[in-house]
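Quick mapping for you: the protein sequence lines, in order, are chains S and C.
For what it's worth, my numbering labels the leading residue of the first sequence as 109, then goes sequentially.
For what it's worth, my numbering labels the leading residue of the second sequence as 109, then goes sequentially.
Positions of the beta carbon are idealized from the N, C-alpha and C atoms, including for glycine.
Protein chains: 2
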Amino acid sequence: MRKFERQKAIRKLIQQYSIDRQEDIVKLLQEQAIKVTQATVSRDVKELQLVKLPAPNGGYQYSLPAEKKLNAEKKLKKTLHDAYLSSRLHESFFLIKLLPGNGPAVASLIDQLKVKEIFGSLGDDDTVLVIAQDPRAAKEVQRMLLEMVS
Amino acid sequence: MRKFERQKAIRKLIQQYSIDRQEDIVKLLQEQAIKVTQATVSRDVKELQLVKLPAPNGGYQYSLPAEKKLNAEKKLKKTLHDAYLSSRLHESFFLIKLLPGNGPAVASLIDQLKVKEIFGSLGDDDTVLVIAQDPRAAKEVQRMLLEMVS
DNA sequence: TTATATTTTGGATAATTATACAAAGAAAAA
DNA sequence: TTTTTCTTTGTATAATTATCCAAAATATAA
């Protein structure tokens, strides 16, 4: 999906550069051959819950909502990368098989992401069950999580 | 100082209500007999480093920059309230006497506030020395900290 | 496939926020 | 005190962001 990639790119951009205008995001995306308007970026900023943070040195800067969430994502990515074995999608469920011992941590990290499509997740020793709002949402979740593995 | 009180009121307001426009802050301040324009609120928002956070349920909401800072202030207030003995101001220095054992904690909490007027602070067992940018800043700091005691 | 529903997007603009400038106010100096 | 300097504020407006609406794109159903 185009949208998800773009949002990912936006997250990367605001971490990399000091950006204080959505128009600048538009320009930087164009350099990556991603064409969008400020209107779309505004929507993305909202969905990603990015904030325009008054910087300590005067001026402003777009920023991730909380370091927490960021850290959760980093850890999840790392853990998935290390412990991921396989996964299956069925209706609203996305089931992940992991190396033994990693289930609870991964389930907890997924919860911390607070992705709106995810209703909840739970993990036993080597398995995590992610429950999405509906089958379509589950597909989104699958895409998002598999993205992290690679 | 008028400004400091107003900013304090603003902080309180955004914690109490779900506010998504600076104009609403203006209105709510008026109910407290504090008259300001949106322009001033915009400056206050910047100084307080408040952010307009996209809310999880759609919509927006002004919010404190990080819970961290808030917690630090709460703890500091509580500790000062419990352990404060006396204080003195001299040039750029503000010296606080505390019940024994509270110095390090208070110094650390003051640092966490990241008030721009404060250059740094250090504490031994029962004393904290706050070093301000200059004598005027020190007065500000004194005012702010004594405010917390009461 | 074609038709239908859903999602995403851009254009235009409304809504909101930030700031230049000048004036008022407060502090410091004389 | 008066004068000078620094800070704070409002007005007006520039700059930026959010959203309405319609079109395009995408997915789902038939």
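How would you write the range of the alpha helix (DSSP H) that alanine 245 (chain C) sits in, first residue to last? Per DSSP, alanine 245 (chain C) belongs to the alpha helix (DSSP H) from 243 to 257.
Within 8 Å (strictly less), CB to CB, does leucine 172 (chain S) reach chain C? Contacts with chain C at 8 Å (Cβ-Cβ) do not include leucine 172 (chain S).
contact_flag[the segment 226 to 234 of chain S, the segment 203 to 217 of chain S] where n(CB pairs < 8 Å) is 3 or more: Contact between the segment 226 to 234 of chain S and the segment 203 to 217 of chain S is present, because at least three Cβ pairs lie under 8 Å.
Which residue wins for smallest C-alpha separation from glutamate 260 (chain C), given the options C:Ser194, C:Asp152 and C:Arg244? Residue 260 (chain C) lies beyond the range of chain C shown here (109 to 258); nothing can be said about it.
Suppose the cutoff is 7 Å on Cβ atoms and the five residues either side in sequence are ignored; what does the same chain contact list for proline 212 (chain S) look like? The residues are Gly231.
Contacts around leucine 254 (chain C), its chain only, beta-carbon distance under 8 Å, and the 5 residues preceding and following it disregarded: Excluding positions up to five away in sequence, the list reads Ser195.
Residue burial classification, glutamate 248 (chain C) (beta-carbon count within 10 angstroms, cutoff 16): The residue is buried, with at least 16 neighbouring Cβ atoms inside 10 Å.
For valine 159 (chain C), decide whether its Cβ has a neighbour in chain S, counting only Cβ atoms nearer than 8 Å. At least one beta carbon of chain S lies nearer than 8 Å to the beta carbon of valine 159 (chain C).
Give me the Cα-Cα distance between isoleucine 218 (chain C) and valine 144 (chain S), rounded to the nearest whole angstrom. About 44 Å.
Considering only the beta carbon of each residue, do valine 159 (chain S) and leucine 161 (chain C) sit closer than 8 Å? Closer than 8 Å, so yes.
Cutting at 7 Å between CB atoms, please list the residues of its own chain near lysine 183 (chain C), excluding the five before and the five after it. A distance below 7 Å between beta-carbons, with the five flanking residues on each side excluded, links lysine 183 (chain C) to the following residues of its chain, in chain order: Leu217.
Contact defined as beta carbons within less than 8 Å: I believe valine 214 (chain S) pairs with leucine 188 (chain S). What is the distance between those atoms, to the nearest angstrom? Yes, they are in contact, since the Cβ atoms of valine 214 (chain S) and leucine 188 (chain S) sit about 7 Å apart, within 8 Å.
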